[in-house]
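Taking it in order: structure first as C-alpha cells, then the write-up.
In the numbering used here, the protein residues as written are 88 to 448.
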C-alpha cells in the first residue's frame with residue numbers, strides 16, 4: 088500500500104476544524120472551514136470533464152433512507168447507483184488524469200450478506216427482473232464514452248459497502264479489468280474494512296478488498312486531486328467515508344451516499360410524507376442516510392460540510408447541489424417515496440482517451 092504524496096495535496100482549514108474534540112464546537116468550526124475551503128477550491132479553476140453514468144436501480148430499506156422519517160407502507164425505497172467519470176489536470180504536471188468514482192461491480196456486490204439474504208428471500212426473478220433494473224456496466228459506459236480500461240488512472244468509492252474490488256484490481260487469480268488504475272481510499276476506511284465489527288459485516292462483500300497492496304493508495308483526510316477535483320473526508324456513514332467534489336465553470340457539486348437525495352440536505356422542502364415533520368421535530372437541518380449508526384454525529388457534521396461546499400444548485404437554488412451516488416428514484420414499488428426534485432446529472436466538458444504513450448506504459 089502507498090500513502091498519498093505529490094501531486095496530491097490537502098485542502099486548507101478543514102483538518103484543523105476536525106481536530107476539535109467536542110462535537111458542537113467542531114460543527115461550528117467546520118461550517119466556517121467548509122466555506123473558506125470552497126473559495127480556495129473554486130479559485131483553482133474548473134475540472135476538465137465529467138460524465139455521469141447510471142448503473143443499476145435497486146431496493147433499499149425505507150427505514151434507513153431518511154433515518155426512519157419517511158412514512159410509507161412500502162418497505163423499500165428505490166435508488167439508482169451512479170458512476171462519475173472525471174478527468175482533471177494533475178497539479179504540477181498538468182497531465183490529464185482519469186478517475187472513476189463509484190464504479191460499482193454490482194454483480195459481485197450481490198455477495199454482501201444484506202443483499203444475498205434479500206435475493207434468497209425474494210428469489211432471482213423478483214430480485215433481478217422486478218426489484219432491480221440494470222442500466223449499464225462500468226465497461227460498457229466507458230466504451231460509449233470512447234475510453235478503455237487502460238485510460239483509467241484511479242478508482243475511488245465514497246465508501247466500501249457492497250464493493251468487491253477484485254474484478255477491477257485483481258487478487259482472486261485474475262489480473263483485473265483496469266491494468267493501470269490505483270484505488271484511492273481513506274486510511275480509516277481501509278483499516279475498518281480489514282477489521283470489521285460484527286455490526287458492520289452485513290454490508291461488506293467477504294474478501295472484497297483482497298487486492299494487491301501495490302494497487303492501493305491510502306489518503307489521510309481531504310485530498311486535492313487536481314484542478315477542479317477533490318475528495319473530501321466526510322466520515323460518519325462509514326468511518327472512512329469520502330465525497331467527490333467537482334468545480335465546473337458555473338458551480339460546485341458534491342457526490343456521496345451520506346444522503347439519498349438533495350432534499351436530505353433541505354428536509355423542510357421535502358414532499359415525502361413525514362420527512363419535513365421529522366426534521367422540524369428534531370431540529371435537524373439535514374436527514375441522514377442511516378443504515379449505520381455508530382458515527383451519526385460525525386455524519387451530521389459531514390453532511391453540513393457537503394451542503395456548504397456544494398452550495399445551491401444552478402438548476403434550482405432552493406436545493407443543494409448534492410448528487411447522491413445512489414439517487415432516490417420514483418418507482419411503482421415505492422409509492423410516495425419519489426424525490427421532490429431531481430437535479431440534472433452533473434456532466435461537463437469532453438472526455439478524451441489517454442495518450443498512446445501512457446496507455447502502452
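Even glycine gets a Cβ: it sits at the ideal position worked out from N, Cα and C. Source: prediction; values computed, not measured.
Item, Value
"What are the start and end residues of the beta strand (DSSP E) that includes residue 138?", "136–148"
"Please tell me whether residue 91 and residue 341 are closer than 7 Å, where the distance is taken between their beta carbons.", "no"
"Check residue 170 in the structure and name its three-state DSSP category.", "strand"
"What do you reckon, are the CB atoms on residue 81 and residue 138 nearer than 7 Å?", "Because the chain is modelled from 88 through 448, residue 81 falls outside the range shown and cannot be assessed."
"For a minimum of 3 consecutive residues, which ranges assigned as the beta strand (DSSP E) are wholly contained in the region 230–268?", "241–243"
"Measuring straight from C-alpha to C-alpha, what distance separates residue 153 and residue 375?", "6 Å"
"On the three-state DSSP scale, how would you describe residue 313?", "strand"
"With a cut-off of 8 Å on the beta carbons, I'd call residue 398 and residue 338 a contact; round off their distance for me.", "7 Å"
"Quick one: what's residue 435 bridged to in DSSP?", "137"
"Which of helix, strand or coil does DSSP assign to residue 340?", "strand"
"Among residues of its own chain, excluding the 5 on either side of residue 300, which ones have a beta-carbon nearer than 7 Å to its beta-carbon?", "88"
"So which of 230, 424, 321 and 404 has the shortest CA-CA distance to residue 361?", "424"
"Check whether the region 276–294 touches the region 249–258, counting contact only when three or more Cβ pairs, one atom from each stretch, lie closer than 8 Å.", "yes"
"Under the DSSP definition of a beta bridge, which residues are partnered with residue 177?", "313"
"Please classify residue 166: is it buried, with 16 or more other beta-carbons within 10 angstroms of its beta-carbon, or exposed?", "buried"
"Could you pull the start and end residues of the beta strand (DSSP E) that residue 201 belongs to?", "No beta strand (DSSP E) contains residue 201, which is instead part of the alpha helix (DSSP H) from 200–212."
"Rounding to the nearest angstrom, what Cα-Cα distance links residue 317 and residue 124 in this structure?", "11 Å"
"Leaving aside the five residues before and after residue 482 along the sequence, list all residues of the same chain whose C-beta is less than 8 Å from its C-beta, in chain order.", "Residue 482 lies beyond the residue range present for the chain, which begins at 88 and ends at 448; the question has no answer from this structure."
"Is it buried or exposed for residue 336, if we count other Cβ within 10 angstroms and need 16 for buried?", "exposed"
"Leaving aside the five residues before and after residue 118 along the sequence, list all residues of the same chain whose C-beta is less than 7 Å from its C-beta, in chain order.", "391 and 395"
"Going by beta-carbon coordinates alone, are residue 332 and residue 114 separated by less than 7 Å?", "no"
"Going by C-alpha to C-alpha distance, which of 173, 172, 382 and 415 sits closest to residue 279?", "382"
"Pick from 200, 127, 193 and 106: whose alpha carbon is nearest that of residue 169?", "193"
"Can you say whether residue 221 is buried or exposed, counting buried as having 16 or more other CB atoms within 10 angstroms of its CB?", "exposed"
"DSSP three-state label for residue 129, please.", "helix"
"Identify which residue in 174, 160, 200 and 116 has its Cα closest to the Cα of residue 287.", "200"
"Who are the Cβ neighbours of residue 263 in its own chain at under 6 Å, not counting the five residues just before and after it?", "255, 256 and 257"
"Going by DSSP, name the residue or residues bridged to residue 413.", "168"
"Please state if the CB of residue 121 and the CB of residue 99 are separated by a distance shorter than 7 Å.", "no"
"Measuring only the C-alpha atoms, how far is residue 202 from residue 196?", "8 Å"
"In terms of residues, what are the limits of the beta strand (DSSP E) holding residue 188?", "183–188"
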